[in-house]
Amino acid sequence: MPKVETGRFAAAVLPVTAQTIRTDGMGLEAGPVSIPVDGFQMPAYRAAPAGGRNLPVVLVACEIFGLHEHIADVCRRLARQGYLAIAPGLFARHGDAGAYTDIPRLIAEVVGKAADEQVNADLDATVAWAGTQGGDTGRLGITGFCWGGRTAWSYAAHSAAVKAAVAWYGPVARSYHAGDATVIERAARIQAPVLGLYGAADGGIPVDTLAQLEAALKAAGNTACEFVVYPDTPHAFFADYRPSYRKPQADDGWARCLAWLRRNGVA
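Under this note's numbering, the first residue of the sequence shown is numbered 1, with each subsequent residue one higher.
As structure tokens, then:
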């Protein structure tokens with residue numbers, strides 16, 4: 001079973017860039033954990049203020065590259081804001097996403113096997129585990145990137161416990177697993193406020209699909225969602241370890257993410 005290795009980046013993204021952000025764990029309880037899900041021990045990464053109790057909980061959904069150091073660092077950043085942040089290994093049943101260098105193979109052999117039903121059940125188990133580890137699951141948020149951005153939308157449609165979600169450049173008009181509905185098709189089930197952060201120059205997520213989702217949400221009575229589309233900005237603009245990183249947009253998006261969680265009861 002794949003393990004969480006602190007400091008390890010996914011093979012597909014090496015070498016990482018010099019601008020990579022590294023958040024230390026001083027004053028935090030941070031590191032790999034194991035979460036039981038129907039007899040399966042799912043690897044995860046957890047970060048929280050040391051000794052913290054009754055902490056608001058934020059789930060962190062990974063990119064297609066799995067649970068690697070960038071996602072762990074996001075958890076530590078959230079912990080420094082007072083959250084119990086947990087990134088579950090949602091691909092762990094299917095292989096080690098971090099070991100792949102060929103992205104089409106990675107999607108076909110690992111990512112595409114993680115159906116929404118399994119992912120949502122894994123996230124439900126993560127929430128239950130958080131409640132035994134000093135987390136206040138009545139203040140539950142989720143954020144995610146790329147595949148994880150779509151997962152943030154999907155989990156908001158699945159779980160009424162979600163108070164707020166932040167989706168970073170998650171596709172809304174396509175799914176990764178055959179048979180899974182798109183976010184647009186699930187719009188009527190999304191009741192939580194979701195903030196969508198996107199780049200206008202993202203070739204894989206046409207801006208018109210975001211307009212379609214916004215219209216579907218409003219038609220279903222959800223007027224609490226917001227979209228921010230940054231001009232001339234590519235996919236993965238938050239990924240500081242990759243050349244796609246755009247610091248001004250990433251910093252603005254992070255500030256919006258934190259404000260959105262707090263404004264909507266995850267604080």
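All residues carry an ideal CB built from backbone N, CA and C; glycine is no exception.
All of these numbers come straight from a predicted model, not from anything done at the bench.
According to DSSP, what are the bridge partners of ARG35? Here the question's residue 35 lines up with position 35 in the sequence shown. A small fix is needed here, since residue 35 is Ile in this sequence, not Arg. Per DSSP, MET42.
Could you pull out every residue in the same chain whose Cβ sits closer than 7 Å to the Cβ of GLU63, ignoring the five residues on either side in sequence? For the purposes of this step, residue 63 is taken as the residue at position 63 of the sequence shown. Cβ within range, chain order: PHE145, CYS146, TRP147 and GLY148.
Here's a check: name, in chain order, each residue in its chain whose Cβ is nearer than 8 Å to the Cβ of MET1, leaving out the five neighbours to either side. Numbered from 1 along the sequence shown, position 1 holds the residue referred to as residue 1. Because the pLDDT at MET1 is just 46, under 50, the model does not fix this residue reliably, and the value given afterwards should be weighed accordingly. Taken in chain order, the residues that qualify are GLN41, PRO43 and ALA92.
THR151 versus ARG174, THR132 and SER34, residue with shortest Cα-Cα distance: If you number the sequence shown from 1, residue 151 lands on position 151. Of the candidates ARG174, THR132 and SER34, the one whose C-alpha sits nearest the C-alpha of THR151 is ARG174.
Since PHE65 sits in a beta bridge, which residues does DSSP pair it with? As a first step, residue 65 must be located in the sequence shown, where it is residue number 65. DSSP lists no partner for PHE65.
Any idea if LYS163 is buried or exposed, counting beta-carbon neighbours within 10 angstroms, 16 or more meaning buried? Position 163 of the sequence shown holds residue 163. With 16 or more Cβ atoms within 10 Å of its Cβ, LYS163 is classed as buried.
Taking the Cβ atom as the reference point for each residue, do GLY82 and LEU55 lie within a distance shorter than 8 Å? The count along the sequence shown starts at 1 and reaches residue 82 at position 82. The count along the sequence shown starts at 1 and reaches residue 55 at position 55. Remark: C-beta atoms of GLY82 and LEU55 approach each other more closely than 8 Å.
Environment of ILE35 [buried if 16+ CB atoms lie within 10 Å]: Counting from 1 along the sequence shown, the entry for residue 35 is found at position 35. Counting Cβ neighbours within 10 Å, ILE35 comes out buried, since at least 16 surround it.
Same chain, Cβ closer than 6 Å to VAL111, five either side skipped, listed in chain order: Taking the first residue of the sequence shown as position 1, residue 111 is located at position 111. ILE64 and TYR176.
Going by beta-carbon coordinates alone, are ARG8 and HIS94 separated by less than 8 Å? Mapped onto the sequence shown, residue 8 falls at position 8. Mapped onto the sequence shown, residue 94 falls at position 94. Not in contact: ARG8 and HIS94 (Cβ atoms no closer than 8 Å).
Give the DSSP-derived three-state secondary structure of ASP49 in the structure shown. As a working note, residue 49 is residue 49 in the sequence shown. Residue identity check: residue 49 is Pro in the sequence provided, not Asp. The answer is strand: DSSP assigns PRO49 an E or B state.
Determine the direct distance from the alpha carbon of ARG189 to that of GLY220, and round the result to whole angstroms. Here residue 220 refers to the residue found at position 220 when the sequence shown is read from its first residue. Here residue 189 refers to the residue found at position 189 when the sequence shown is read from its first residue. First, the amino acid is wrong: residue 220 is Ala here, not Gly. Approximately 8 Å, taken between the alpha carbons.
DSSP state of TYR155, grouped into three classes? Position 155 of the sequence shown, counted from the first residue, corresponds to residue 155. Helix at TYR155.
Within 10 angstroms of its Cβ, does PRO171 collect 16 or more other Cβ (buried), or is it exposed? Sequence index remark: in the sequence shown, residue 171 carries index 171 (1-based). With 16 or more Cβ atoms within 10 Å of its Cβ, PRO171 is classed as buried.
Taking 6 Å as the limit between beta carbons, can you name the residues of its chain near ASP240, skipping five residues before and five after? The residue labelled residue 240 in the question sits at position 240 within the sequence shown. Correct list, in chain order: GLN19, THR20 and ILE21.
At the level of alpha carbons, what is the spacing between ALA187 and MET26? For this step, residue 187 is matched to residue 187 along the sequence shown. For this step, residue 26 is matched to residue 26 along the sequence shown. Distance between the alpha carbons of ALA187 and MET26 is about 41 Å.
ILE107, DSSP secondary structure in three states: Residue 107 sits at position 107 when you count from the first residue of the sequence shown. Correct three-state label for ILE107: helix.
Nearest to ALA115 by CA position, among ILE184, GLY253, LEU106 and GLY179, is which residue? Here residue 115 refers to the residue found at position 115 of the sequence shown. Comparing Cα-Cα distances from ALA115 to each of ILE184, GLY253, LEU106 and GLY179, the minimum goes to GLY179.
Consult DSSP for THR20 and reduce its assignment to one of helix, strand or coil. Working through the sequence shown from its first residue, we reach residue 20 at position 20. In the structure shown, THR20 sits in coil (DSSP, three-state: anything other than H, G, I, E or B).
Taking just the CA atoms, how far does ALA12 sit from PRO234? In the sequence shown, counting from the first residue as 1, residue 234 sits at position 234. In the sequence shown, counting from the first residue as 1, residue 12 sits at position 12. Each residue's Cα considered, the two are about 18 Å apart.
Does the contact criterion of 3 or more C-beta pairs under 8 Å hold for the stretch 119-131 versus the stretch 69-81? no
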